[in-house]
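Numbers 1 to 185, taken from the numbering used here, label the letters of the sequence shown in order.
Note that beta-carbon positions come from the ideal geometry of N, C-alpha and C, so glycine has one too.
Report on the following structure.
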Amino acid sequence: MVFGFFKKNKDDKKQEAPQLEDLVLSKLRPGYLVDYDMNTYQVAARNCYKWEEGGVTDEWELKLGDQVFYLERIEEDGYVEWSLCQKFSISELEGDIAAHIQEHEDPPETVTLKGTQFHFEEDDIGEFFRGDSKEPMHFVSWDYEDETEQKFLTIEQWGESKFDLTLGFSVEEYQFSNILPGEPF
Numbered sequence: 001m002v003f004g005f006f007k008k009n010k011d012d013k014k015q016e017a018p019q020l021e022d023l024v025l026s027k028l029r030p031g032y033l034v035d036y037d038m039n040t041y042q043v044a045a046r047n048c049y050k051w052e053e054g055g056v057t058d059e060w061e062l063k064l065g066d067q068v069f070y071l072e073r074i075e076e077d078g079y080v081e082w083s084l085c086q087k088f089s090i091s092e093l094e095g096d097i098a099a100h101i102q103e104h105e106d107p108p109e110t111v112t113l114k115g116t117q118f119h120f121e122e123d124d125i126g127e128f129f130r131g132d133s134k135e136p137m138h139f140v141s142w143d144y145e146d147e148t149e150q151k152f153l154t155i156e157q158w159g160e161s162k163f164d165l166t167l168g169f170s171v172e173e174y175q176f177s178n179i180l181p182g183e184p185f
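Structure (structure tokens):
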């Protein structure tokens, strides 16, 4: 029947256009653009960490050309903290830290990355949810800070022998601007 040709199918999932109040850092979606430090980043993914000791960390994967950064938001006791991180290979740490963890079940109290020493602060166990996945990936993390308390480093262990290393620093929400909606890629 031709009369219904121009009608929209009710079964089609309609994605609503973002409202002005949705254009804030904590509501970034894949495809959105956001400016930070005179660069424009595109949101590639939104992930979530749930911690055994309580709390949730929201993470947005930001792309700048071929570089990938991670914007993280954690709220504890009503206080929100933001950080910007980048992943590195654990082999960039001085010494064989992966072997140390496998042998002792913990990393050393102090690790060194590119000449900067980082001191152990805390550890935790968590679940990682990529995108909209309901299936968690389990991991253990160890957090370190440098002597100036300006930079932090996190070692994550996924299973027996896979390790990630993240280097980051604190940022403030006001440092990000020009949030624009876009299409996920």
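Check                                                                                                                                            : Outcome
Helix, strand or coil, according to DSSP, for K151 in the structure here?                                                                        : strand
Three-state secondary structure (DSSP) at S141?                                                                                                  : strand
Is the beta carbon of K87 sitting closer than 7 Å to the one on D37?                                                                             : no
What did DSSP end up calling L23 once you bin it into helix, strand or coil?                                                                     : coil
Alpha helix (DSSP H) containing Q102: first to last residue?                                                                                     : I97 to H104
Mind reading off the beta-carbon distance from K63 to Y79? Whole number of angstroms is fine, and I expect it under 8 Å.                         : K63 to Y79, Cβ: 29 Å. No contact.
Can you look up Y70 in the DSSP assignment and give me helix, strand or coil?                                                                    : strand
Determine the direct distance from the alpha carbon of P184 to that of D11, and round the result to whole angstroms.                             : Residue confidence is low: D11 scores 46 on pLDDT, short of 50, so the model does not pin down where it sits. Its coordinate-derived value is still stated next. Near 22 Å, if we compare the C-alpha coordinates of P184 and D11.
Helix, strand or coil for M1, going by three-state DSSP, please let me know.                                                                     : Any reading at M1 needs caution, since the residue's pLDDT is 46, under 50, leaving its predicted position unreliable; the model's value is listed next. Of the three classes helix, strand and coil, the one that applies to M1 here is coil, per DSSP.
Could you tell me whether the Cβ atoms of H138 and E127 are closer together than 7 Å?                                                            : yes
Please return the same chain residues whose Cβ sits closer than 6 Å to the Cβ of L180, not counting the five positions on each side in sequence. : L33
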